[in-house]
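Trainee: The structure follows.
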Amino acid sequence: MNGPFSVQQIKYEFLLYMKGLGGRFEDWYVGAAGNPEETLRMEHRAREGDVPWMYKPAVSSKATRTILKYFREVLHTDGGDADSLGEGATYAFLFRKGPHTCPRSDGVDAPPCDSAGAPETAFASVNGGFAKSGRPAC
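The working numbering numbers the first residue of the sequence shown as 221 and each following residue consecutively.
See the structure below:
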């Protein structure tokens, strides 16, 4: 994977991804984590083939805070609390909220997925980040 990426690069990639897949900004969740794959699977239940998602490595946790604040405060997406991020949260991620996701912005972890809901571990590279939408990445 290439990276890390600047704030502007990640904002651009996320906006391009959201625009390409459609929906309102309120339909999306933007967050940050040190391990985005685990966070997407276990905390938010973003399952394989269920909802589109992607993540990108940022240059620092300060950069991920800036990204989260932009998406939450300017575009009004759902998302994590930028002010409570730890120093290890250097990956920005987003997913479109769906019927099986648990978008948690209150700091409370969702119960773990059961074995039937666990996503596969194959991810497609998209412009130096990773994306999964249930179909091959272009």
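The beta-carbon is built from N, C-alpha and C at its ideal position, and this holds for glycine as well. The structure displayed is predicted, hence computed values, not measured ones.
With distances taken Cα to Cα, identify the nearest neighbour of Gln228 among Phe291, Leu305, Lys239 and Cys322.
Mentor: For the residues Phe291, Leu305, Lys239 and Cys322, the minimum Cα distance to Gln228 belongs to Phe291.
Trainee: Between the alpha carbons of Asp334 and Trp273, how many angstroms are there, rounded?
Mentor: Note that Asp334 scores a pLDDT of 44, beneath 50, so its modelled location is shaky; the value from the coordinates is reported in the next line. Looking at the two C-alpha atoms, the distance is approximately 20 Å.
Trainee: Helix, strand or coil: which one does DSSP assign to Leu314?
Mentor: Note: Leu314 maps to strand in three-state DSSP.
Trainee: How many Å lie between Gly337 and His296 at the Cα?
Mentor: Its pLDDT being 43, under 50, Gly337 is placed unreliably by the model, and the measurement read from it follows with that caveat. Computed Cα separation, rounded: 29 Å.
Trainee: Would you mind listing the alpha helix (DSSP H) stretches within the stretch 223–302 that are 4+ residues and don't spill past its ends, in chain order?
Mentor: If we require 4 residues or more, the alpha helix (DSSP H) runs fully inside the stretch 223–302 come out as 227–241 and 281–289.
Trainee: Determine the direct distance from the alpha carbon of Val279 to that of Asp298, and round the result to whole angstroms.
Mentor: Approximately 23 Å between the Cα atoms of the pair.
Trainee: Buried or exposed for Pro277, please, with buried defined as at least 16 other CB atoms from any protein chain shown within 10 angstroms of its CB.
Mentor: It counts as buried.
Trainee: If you drop the 5 nearest sequence neighbours on each side, which residues of the same chain put their C-beta closer than 6 Å to that of Glu216?
Mentor: As shown, the chain starts at 221 and ends at 358. That puts residue 216 outside it, with no answer to give.
Trainee: Residues in the same chain with beta-carbon distance under 6 Å from Pro224, minus the five sequence neighbours each way, listed in chain order, please.
Mentor: The answer, listed in chain order, is Pro277, Ala278 and Val279.
Trainee: Find the nearest neighbour of Met238 within the set Phe315, Gly269 and Pro256, judged by alpha-carbon distance.
Mentor: Among Phe315, Gly269 and Pro256, the Cα nearest to that of Met238 is on Phe315.
Trainee: So, are the CB atoms of Ala309 and Lys289 less than 8 Å apart?
Mentor: For Ala309 and Lys289, no; Cβs fall outside 8 Å.
Trainee: Cβ of Arg244 within 8 Å of Cβ of His320?
Mentor: No; because the gap between Cβ atoms is not below 8 Å, this pair is not in contact.
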